[in-house]
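Visitor: Here's a structure for you.
There are 2 protein chains.
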Amino acid sequence: MLAAAYEELDRDSFAALTLDRLARRSGVHVSTIRRRWRTVEGVVVELLAERGSTLPTPDTGDFRRDLTQLTQAIADFNNALRNRNVLQGLLAAAAHDPRVEEIVRAAFVRRIEEVTLIARQAVERGEIPEDTDPREVIAALAAPLYYRVLILRGSIDERLVHTTVEATYQAARSGVFVRKGDREG
Amino acid sequence: MLAAAYEELDRDSFAALTLDRLARRSGVHVSTIRRRWRTVEGVVVELLAERGSTLPTPDTGDFRRDLTQLTQAIADFNNALRNRNVLQGLLAAAAHDPRVEEIVRAAFVRRIEEVTLIARQAVERGEIPEDTDPREVIAALAAPLYYRVLILRGSIDERLVHTTVEATYQAARSGVFVRKGDREG
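Top line first, the protein sequences correspond to chains A and B.
The first sequence begins at 1 in UniProt numbering and counts up one residue at a time.
The second sequence begins at 1 in UniProt numbering and counts up one residue at a time.
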């Protein structure tokens, strides 16, 4: 059923996804789908759990190259129509249900945490200042990409990958993300 | 009716907003509301048109101070519960309806365009390089704020205002947003 949903979202928008369409494509009866997932939003939330966290953490030994690979991976992921649709469906579901909001939030925090390795290694190699907050670096990298998808409703092109990597790299190098005596915040 | 909706969104989440609640608070009959706006999403889209575009464009004569004032204004706007709720409701509506998606997109593009004055004046004063793309500067400034609200589901604190201004300032100064022979793109 989840595979069927993912396929549907590769053909059409989240808006076009209905439980009836899912039933037709998956061969699962619509009442069964409704019992288990309640709504299309419920289906999309389970898709997040299943397919959301597959981005590898680059480890090239070079901070700028790591940033570039991570940005490209986020771009490729979100440029796939079905993933963009899942994301938009998730935020729609989050607006309607505080429990979903918490699931979405936790999923993104976890993904950021995973890839902070890039910034922590850059600190260890002396490429960026000590006391750099690694989560701020990753959030700075991710933000322009999600802004493009969610607010400007466009795809992430090469130019945006380039400016995002460079802006984050320059800012991190010049100590914008340094926290003095407050590493956790 | 719109004022009533705005008040409701200041007390509770978008998820809690129903046409019945709007009817009770506004004194307008629910069938009238349904006829005119169809859904709560429809109400929220009209709220965007009415109250969305009230941010003034700072003009202090100093690029960094302009960036700080604009960032603070976006922060204050989105930290008000009702505005955050309108935004989240809008994106939910956009996921469900391509026409709403286009309205939301156009509204943000228009707001970016308005405040590009900040970057264009900074170019004129020689604070940032010629051929800097002013829309990229503004998008870089706005992105971390919307990422915080929409993805991390948190409020925009002083620290984020500071890092966002500094990252954008450093990047713009160092020419990250310069487009050679392609000012429009």
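Backbone N, C-alpha and C define an ideal beta-carbon position, used for all residues, glycine too.
Kindly indicate if chain A contains any beta-carbon less than 8 Å away from that of residue 131 of chain B.
Guide: Chain A, which has no Cβ nearer than 8 Å to the Cβ of residue 131 of chain B, makes this no.
Visitor: In chain order, what residues of the region 115-128 of chain B put their CB closer than 9 Å to some CB of chain A?
Guide: Under the 9 Å Cβ criterion, the region 115-128 of chain B contributes no residue.
Visitor: Residue range of the alpha helix (DSSP H) that residue 112 of chain B falls in?
Guide: 98-115 is the extent of the alpha helix (DSSP H) around residue 112 of chain B.
Visitor: What residue range does the alpha helix (DSSP H) around residue 64 of chain A cover?
Guide: Unbroken alpha helix (DSSP H) run through residue 64 of chain A: 63-79.
Visitor: Any beta carbon of chain A sitting closer than 8 Å to that of residue 109 of chain B?
Guide: Closer than 8 Å: yes.
Visitor: Quick one: residues in its chain with C-beta nearer than 7 Å to the C-beta of residue 45 of chain A, no 5 flanking neighbours on either side, listed in chain order?
Guide: Cβ within range, chain order: 90, 93, 100 and 103.
Visitor: For the alpha helix (DSSP H) that residue 190 of chain A lies in, which residues bound it at each end?
Guide: This structure cannot settle anything about residue 190 of chain A, because the visible part of chain A is limited to 1 through 185.
Visitor: Distance cutoff 8 Å, beta carbons only. Does residue 163 of chain A sit that close to anything in chain B?
Guide: By this cut-off, residue 163 of chain A is an interface position.
Visitor: Give, in chain order, every residue of the region 65-90 of chain B whose Cβ lies closer than 7 Å to some Cβ of chain A.
Guide: Listed in sequence order: 88 and 89.
Visitor: Looking only at its own chain, which residues have a Cβ that is under 7 Å from the Cβ of residue 141 of chain A, when we skip the five neighbours before and after it?
Guide: Excluding positions up to five away in sequence, the list reads 67, 70, 71, 164 and 168.
Visitor: Can you grab the Cα-Cα spacing for the pair residue 175 of chain A / residue 136 of chain A, in whole Å?
Guide: Approximately 11 Å between the Cα atoms of the pair.
Visitor: Quick check on the burial criterion: 16 or more other C-beta atoms within 10 angstroms. Buried or exposed for residue 58 of chain B?
Guide: Residue 58 of chain B comes out buried.
Visitor: In terms of DSSP beta bridges, what is residue 178 of chain B paired with?
Guide: DSSP, once it has assigned bridges, lists B:132 as partnering residue 178 of chain B.
Visitor: Measure the alpha-carbon distance for residue 155 of chain A versus residue 149 of chain A and round it to whole angstroms.
Guide: Those two C-alpha atoms are separated by around 6 Å.
Visitor: Could you check whether the Cβ of residue 98 of chain B sits closer than 8 Å to any Cβ belonging to chain A?
Guide: Taking Cβ atoms only, chain A reaches closer than 8 Å to residue 98 of chain B, which makes this a yes.
Visitor: Compare the C-alpha of residue 173 of chain B against each of B:76, B:129 and B:13 and name the closest.
Guide: Closest option to residue 173 of chain B, Cα to Cα, is B:129.
Visitor: Tell me the DSSP secondary structure of residue 91 of chain B in three-state form.
Guide: In this structure, residue 91 of chain B counts as helix in the three-state DSSP scheme.
Visitor: In chain B, which residues lie with their C-beta within 8 Å of the C-beta of residue 14 of chain A?
Guide: Result: 95 and 96.
Visitor: Does the separation of the CB atoms of residue 87 of chain A and residue 50 of chain A fall below 8 Å?
Guide: Contact: no.
Visitor: Are the C-beta atoms of residue 153 of chain B and some chain A residue less than 8 Å apart?
Guide: Yes, its Cβ sits closer than 8 Å to a Cβ of chain A.
Visitor: Would you please state the rounded distance, in angstroms, between the beta carbons of residue 9 of chain B and residue 111 of chain B? I believe it to be under 8 Å.
Guide: About 20 Å separates the two Cβ atoms, so there is no contact after all.
Visitor: In chain A, which residues lie with their C-beta within 7 Å of the C-beta of residue 177 of chain B?
Guide: Going along chain A in sequence order, the residues near residue 177 of chain B (Cβ under 7 Å) are 163.
Visitor: So with Cβ pairs under 8 Å, would you call residue 141 of chain B a contact of chain A?
Guide: So, not an interface residue.
Visitor: Helix, strand or coil for residue 183 of chain A per DSSP?
Guide: Interpretation of residue 183 of chain A is limited by its pLDDT of 46, a score under 50 that renders its predicted location unreliable; the figure taken from the coordinates is listed afterwards. Here residue 183 of chain A sits in coil by DSSP.
Visitor: Looking at chain B, is there any beta carbon in it that lies within less than 8 Å of the beta carbon of residue 171 of chain A?
Guide: By this cut-off, residue 171 of chain A is an interface position.
Visitor: Take the Cβ of residue 184 of chain A as the centre, count every other Cβ of all protein chains shown within 10 Å, and call the residue buried at 16 or more, exposed below.
Guide: At residue 184 of chain A, the pLDDT of 48 sits below 50, so the modelled position is not reliable; the number obtained from the coordinates is stated separately. Exposed, by the Cβ-count rule.
Visitor: Is it buried or exposed for residue 96 of chain B, if we count other Cβ within 10 angstroms and need 16 for buried?
Guide: Result: buried.
Visitor: With 16 as the cutoff for other CB atoms within 10 Å, does residue 133 of chain A come out buried or exposed?
Guide: Buried: at least 16 other Cβ atoms inside 10 Å.
Visitor: For residue 206 of chain A, go through chain B and note every residue whose CB falls closer than 8 Å to its CB, in chain order.
Guide: No information on residue 206 of chain A is available, as it lies outside the stretch 1 to 185 that chain A covers here.
Visitor: Whose C-alpha, out of A:139, A:127, A:131 and A:171, is nearest the C-alpha of residue 115 of chain A?
Guide: The shortest Cα separation from residue 115 of chain A among A:139, A:127, A:131 and A:171 belongs to A:139.
Visitor: For residue 27 of chain A, name the three-state secondary structure that DSSP assigns.
Guide: Looking at residue 27 of chain A - three-state DSSP - the assignment turns out to be coil, as it is neither helix nor strand.
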